Amino acid sequence: MPPRKISDSAVRRLSLYARALADYQDAGRSTVSSVDLAERGGMTPAQVRKDLSLFGSFGKRGLGYATGDLKRHIEEILGLDRSWRVALVGAGRLGAALFQYDGFRRQGFEIVAVFDVDPEKIGRVWGEVTIEDVDELEQVVRREKAMMGIVTTPAASAQEAAEALVEGGVEGILNFAPRKLSVPERVTLRNVNLTIELESLTFALTHHDVEIT
Ligand code: NAD
Numbered sequence: 040m041p042p043r044k045i046s047d048s049a050v051r052r053l054s055l056y057a058r059a060l061a062d063y064q065d066a067g068r069s070t071v072s073s074v075d076l077a078e079r080g081g082m083t084p085a086q087v088r089k090d091l092s093l094f095g096s097f098g099k100r101g102l103g104y105a106t107g108d109l110k111r112h113i114e115e116i117l118g119l120d121r122s123w124r125v126a127l128v129g130a131g132r133l134g135a136a137l138f139q140y141d142g143f144r145r146q147g148f149e150i151v152a153v154f155d156v157d158p159e160k161i162g163r164v165w166g167e168v169t170i171e172d173v174d175e176l177e178q179v180v181r182r183e184k185a186m187m188g189i190v191t192t193p194a195a196s197a198q199e200a201a202e203a204l205v206e207g208g209v210e211g212i213l214n215f216a217p218r219k220l221s222v223p224e225r226v227t228l229r230n231v232n233l234t235i236e237l238e239s240l241t242f243a244l245t246h247h248d249v250e251i252t
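Residues in the sequence shown are numbered from 40 upward in steps of one, following the numbering used here.
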């Protein structure tokens, strides 16, 4: 059977719904409507209902969705009902900032291994993790059973880092380096580029007459 097709933007909206539902739950709301979720995420209620209907039928007409149930369902759909072991390559400024961000841990992303080439950094201890030599990456990633890798090396080393992660058995890579990476088809690659986000902001600030959808 061919794989089901779901747009990346629909998946990103699910993340927004999960976050909104967590806030509603914290605020003690036992039910929410598609209008509530739409208001929080900046989409239409019809879009919310359409997105959720892709994964089954949730909620009752006129009653809305049970906040906790829907949050759990979406977390399951996003794979957030389990923890993810992550390897970080490049223990520089960005790598350190990502490692220190507690929100990832709370969402189930655990950085279990960190690698660098710099002899000054190798052997340093970050929390419960010792920075290891990138030469050991493949073996350590395998031992630690990391399923994901984050690349925060300079651009020139990023492809090499990605290849070592793939050899170590990761199934997904989040790349921050400004370099187009090539990975086998079985591995999912996502690139993060804050410059593109800033440029989208400068576009919006430059063209007040354009509605960006
Ligand atoms: P940095 O110089 O502080 O850190 C890079 C680290 O990678 C250093 O510790 C270095 O020793 C290490 N390194 C070098 N070669 C390596 C290799 N082969 N294997 C493992 N480690 C290696 O740089 P930074 O400011 O943290 O930026 C890191 C990367 O992130 C750069 O590519 C930068 O362009 C990129 N970046 C992207 C965004 C974004 O929006 N995507 C934002 C900021 C920085």
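All residues carry an ideal CB built from backbone N, CA and C; glycine is no exception.
Quick caveat: nothing in here was measured; it's all calculated off a predicted structure.
Beta-carbon spacing of ALA49, ASP90 below 8 Å: The Cβ atoms of ALA49 and ASP90 lie closer than 8 Å to each other.
With respect to 7 Å, is the separation between the Cβ of SER239 and the closest non-hydrogen atom of the ligand NAD below this value? Incorrect: SER239 has no Cβ contact closer than 7 Å to the ligand NAD.
Under 8 Å between the Cβ atoms of LEU127 and ILE212? Taking 8 Å as the Cβ cut-off, LEU127 and ILE212 do not qualify as a contacting pair.
Environment of the ligand NAD in chain order, Cβ to heavy atom below 7 Å: Here the residues come out as VAL128, GLY129, ALA130, GLY131, ARG132, LEU133, GLY134, PHE154, ASP155, VAL156, ASP157, LYS160, VAL173, THR191, THR192, PRO193, ALA194, SER196, ALA197, GLU199, ALA200, PHE215, ALA216, PRO217, VAL231, ASN232, LEU233, THR234.
What number of angstroms, rounded off, separates the C-alpha of SER196 from the C-alpha of VAL209? Computed Cα separation, rounded: 18 Å.
I believe LEU119 touches GLY147 by the beta-carbon criterion, under 8 Å. Please report the beta-carbon distance rounded to the nearest angstrom. Between GLY147 and LEU119 the Cβ distance is about 6 Å, and since that is below 8 Å, they are a contact.
Candidates ALA66, ARG52, ASP65: which alpha carbon is nearest SER73's? Ranking ALA66, ARG52, ASP65 by Cα distance to SER73 puts ARG52 first.
Considering only residues of the same chain and omitting the five flanking positions on each side of ARG181, which have a CB-CB separation below 6 Å? Hits under 6 Å: GLY207, GLY208.
Would you mind reading off the limits of the beta strand (DSSP E) that contains ASN227? In the sequence as displayed, the identity of residue 227 is Thr instead of Asn. Residues 227-230.
Rounded to whole angstroms, what's the CA-CA distance from VAL156 to LEU240? Just pull it up for me. C-alpha of VAL156 to C-alpha of LEU240: approximately 35 Å in a straight line.
Taking only the alpha-carbon atoms, compute the straight-line gap between ALA105 and PRO193 and give it to the nearest angstrom. The alpha-carbon atoms of ALA105 and PRO193 are separated by roughly 46 Å.
Under a three-way DSSP split, which group does PHE148 fall into? The answer is strand: DSSP assigns PHE148 an E or B state.
For the 8 Å Cβ check, are there 3 or more pairs between the stretch 214-229 and the stretch 159-171? No, the stretch 214-229 does not touch the stretch 159-171.
Nearest by alpha-carbon distance to GLY134: which of ARG43, ALA185, LYS44, PHE154 is it? If we check each option's Cα against that of GLY134, PHE154 comes out closest.
Measure from the alpha carbon of SER256 to the alpha carbon of each residue in GLU236, ALA201, PHE215, GLU238, then state which is nearest. It is not possible to answer for residue 256, since the shown part of the chain is limited to 40 through 252.
Just to confirm before moving on: does the CB-CB distance between VAL231 and ALA185 stay below 8 Å? Against a cut-off of 8 Å, the Cβ pair of ALA185 and VAL231 comes out as no contact.
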